[in-house]
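To start, the structure under review is shown below, and the notes come after it.
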Amino acid sequence: MSTCFSTGLPHATELMLQCCSKCQQINYPTRELCGNCLADALQWQPVDNTGTVQSVAQLHYSLEAEYADHLPWTVANIKLDCGPVVLAHLQPDIVSGSRVTLTIAQDQASNRMLIATGDDSELASAWLKAVNFGEITT
Ligand SMILES: [Zn+2]
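All the letters of the sequence shown, read from the start, carry residue numbers 897 to 1034 under the working numbering.
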């Protein structure tokens, strides 16, 4: 399955990660062998897209004009309930320890990325609209 350079994930509308068919460990980032048992038996599968914010960093400068209007920009490490830790763009005003949902979106330049949003879907939708991130539909 082909993957996207910016996320290392398959071109899909849902979160898919490599699952080991021998030990069932879910692996991320993308790798050739299972990080737990070294088996060459990794299969892309849809996974639970919920997790907890572990750490947060704010970027105060961007070379990309479309991001510069929304600084400081927040990125976070998210501990997925299914195991791995991923780096994602985080909805503003969400703090470490918060529960989030991960989805795949794309910016104006069609760069695909992981985004983490909180429980309030209206706030999440308002942020995605404000930063002009689009939902992946294909
Ligand atoms: Zn394994």
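All residues carry an ideal CB built from backbone N, CA and C; glycine is no exception. Remember, it's a predicted structure, so these values are computed and weren't measured experimentally.
Here's a check: name, in chain order, each residue in its chain whose Cβ is nearer than 7 angstroms to the Cβ of Gly1014, leaving out the five neighbours to either side.
Locating residue 1014 in the sequence shown gives position 118, counting from the first residue. If we look at Gly1014 and ignore the five residues flanking it on each side, its Cβ neighbours are Gln987, Ile990, Ser994, Val996 and Ala1020.
Is Gln850 near ligand 1, judged by its Cβ being under 7 angstroms from some heavy atom?
Any property of residue 850 remains undetermined from this structure, which presents the chain solely from 897 to 1034.
Given that a residue counts as buried once 16 or more other Cβ atoms are within 10 Å of its Cβ, and exposed if not, what is His956?
What you label residue 956 is simply residue 60 of the sequence shown in a count that begins at 1. Under this definition His956 is an exposed residue.
How many whole angstroms separate the CB atoms of Gly947 and Leu998, which I take to be in contact at a CB cut-off of 8 angstroms?
Numbered from its first residue, the sequence shown carries residue 947 at position 51. Numbered from its first residue, the sequence shown carries residue 998 at position 102. Indeed they touch by this definition, with Cβ atoms about 6 angstroms apart.
Note down the Cα distance separating Trp1023 from Ile974, rounded to an integer number of angstroms.
Residue numbering aside, residue 1023 sits at position 127 when the sequence shown is read from its first letter. Residue numbering aside, residue 974 sits at position 78 when the sequence shown is read from its first letter. Whole-angstrom Cα-Cα distance: 19 angstroms.
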